[in-house]
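Residue numbers for the sequence shown follow UniProt numbering, so the first one is 1 and each next one is one higher. Where a beta carbon is used, it is the ideal one built from N, C-alpha and C, also for glycine.
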Amino acid sequence: MNILILGGGGREHALAWAVMQNPKCDKLIVAPGNAGIAQIAECASLDVEDGGAVAEFAGENAIDLVIVGPEAPLAAGVADRLREAGVLVFGPSKEAARLEASKSFTKEICDAAKAPTAGYGHFTDAESAKAHVRAQGAPIVVKADGLAAGKGVIIAETVAQAEDAIDDMFGGAFGGAGAEVVIEEFMTGEEASYFVLVDGEDVLPIGTAQDHKRVGEGDTGPNTGGMGAYSPAPVLSDEVAQRALDEIVKPTMAEMARRGTPYQGVLYVGLMIENGAPRLVEYNVRFGDPECQVLMMRLGGQVLDLLHACAEGRLSEARVTWADDHAMTVVMAAEGYPGAYEKGTVISGLESLPEDSFTQMFHAGTAEKDGKIVATGGRVLNATARGATLAEAQARAYALVDAVDWPQGFCRRDIGWRAL
Ligand code: AMP
Ligand code: GLY
């Protein structure tokens, strides 16, 4: 098979690495890719949010399957455009991608499917949103309705903070994403993510993970895209996972199908678990980043068969082979992230790292310049490892971190603390 992966972060490097393990992969192109991906696959420069351009590229390169990494091309309708052109694609339609692109849409689907989630109100003006906050009291959660690059959620400790957040959102702090606001009950418990493949109505779980969103050790400081992750998530026991499938995932996927907009692709199910009862925090219509890195490390080459079966609507016959293992990824970021950071700093020592089926340094934001690897983003490298225990995976991941020479980089030293 000839495969095209869209995206250029650590998630896509991990996807590319796993897909390459499968002998069915004849040729792999990643657009746009990055310096790490370029070491294992061909990288192409392509506007991945332009469905017409992607379809044309797929035709010219005899691509048999397109795997969409990030949400932006999905929300832009790239999967629809590919399907119209007769290209097999792994990823939901624009309409189904609203499960991530609109928080009020997800709430509406949960209501219709009677799926447990936080109580909420949906507002299009600041005054009624504030009246709702005053009536509910704090803590309370204020969310911009649309895609805001993970920044559109404010957990307000006081009513005044919530009112300020409402003013910011309607004032345009998140652009069009904040033209509508969802206000949610603050849920307590432990968060974990559940990843399932969906091909319309059939669902196939492929793993659980937990990430660390805060930049600082002990889960303190500002929110980031994720500073590390591990799989499996102990809090998502078989029993809790089954409840999440039966009470949340299956009814909402059935509701999407009933509306004539069936979901196809990977569904990232963000859960809050309290006393063994899961509630939905959010859906994302893609793999998590960095959660994907730990899932790929554990699944390896079978990922291609699974994604292919999902894209062809054959999930009912697909099976996941589990190894009884654990994986961890530690994000190395540029000093200053998630605030302002320097770009172009040189990273050394990458050539001599051990890379096998137990350890991989995935690249998230790198480029090659004058024969050197330089940092091009906030999250730059993902030191990823697996082992028989989480402690073993952790030791291997940090050994990888310690072998890298990058003075302008940093990482959290406590990834996995909750599970260990
Ligand atoms: P979201 O973008 O909806 O995932 O929100 C980002 C993060 O905010 C989540 O991962 C949670 O940590 C937190 N969060 C969102 N909604 C709630 C809620 N209703 N109660 C408590 N925490 C929440
Ligand atoms: N790591 C969180 C996300 O991908 O949304």
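Setting aside the 5 residues that flank it on each side, Ala115 is surrounded in the same chain by Glu247, Ile248, Pro251, Thr252 and Leu280, each with a C-beta closer than 7 angstroms to its C-beta; the list follows chain order. The Cβ-Cβ distance between Val196 and Val142 does not fall below 8 angstroms. Placement of the Cβ of Gly171 at a distance of 7 angstroms or more from every heavy atom of the ligand AMP is found. Of the heavy atoms belonging to the ligand GLY, none sits nearer than 7 angstroms to the Cβ of Pro338.
With 16 or more neighbouring CB atoms inside 10 Å of its own CB, Glu100 falls in the buried class. The three-state secondary structure of Lys27, taken from DSSP, is strand. Restricting attention to Ala75, Met297 and Gly260, the CA atom closest to the CA of Leu147 is found in Ala75. Per the C-alpha coordinates, the member of Gly313, Thr384, Ala388 and Pro407 positioned closest to Ala397 is Thr384. Ranking Met272, Asp199, Thr220 and Lys213 by CA distance to the CA of Val235 puts Met272 first.
Distances from the CB of Pro290 to the heavy atoms of the ligand GLY include at least one below 7 angstroms. Taking the C-beta atoms as reference points, Ser104 is found nearer than 8 angstroms to Glu180. A direct Cα-to-Cα measurement between Val30 and Trp17 gives close to 11 angstroms. Taken in chain order, the complete beta strand (DSSP E) segments of 3 residues or longer contained in the stretch 64-103 are 65-68. Contact check between the stretch 301-319 and the stretch 188-206: three or more CB pairs, one atom from each, fall below 8 angstroms, which counts as touching.
The DSSP-derived three-state label of Asp246 is helix. In the three-state reduction of the DSSP assignment, Lys114 falls in the coil class.
For Glu185, the beta-bridge partners assigned by DSSP are Ile140.
The residues Tyr194, Val269, Leu271 and Pro278, in chain order, have a CB closer than 7 angstroms to that of Ala244 in the same chain once the five nearest residues on each side in sequence are set aside.
DSSP places Gln408 in the coil class of the three-state scheme, outside both helix and strand. For Thr329, the closest of Asn275, Cys411, Glu60 and Glu239 by C-alpha to C-alpha distance is Cys411. Judged by the Cβ position, Gly152 fails to qualify as a neighbour of the ligand GLY at the 7 angstroms threshold, every heavy atom of the ligand being at least this far.
Taking a 10 Å sphere around the C-beta of Glu184, we find 16 or more other C-beta atoms and assign the residue as buried. Per DSSP, the unbroken alpha helix (DSSP H) holding Gly59 starts and ends at Gly51 to Glu60. At a Cβ-Cβ threshold of 8 angstroms, Glu291 and Asp211 count as neighbours.
By the neighbour-count criterion, in which a residue is buried when 16 or more other Cβ atoms sit within 10 angstroms of its Cβ, Ser102 is buried. Three or more Cβ pairs closer than 8 angstroms define a contact, and the stretch 391-405 falls short of that threshold against the stretch 208-223. Per DSSP, reduced to three states, the secondary structure at Met20 is helical. Counting other Cβ atoms within 10 Å of its Cβ, Arg258 stays below 16 and is therefore classed as exposed.
The ligand AMP never approaches Ile166 closely enough for any of its heavy atoms to be under 7 angstroms from the residue's Cβ.
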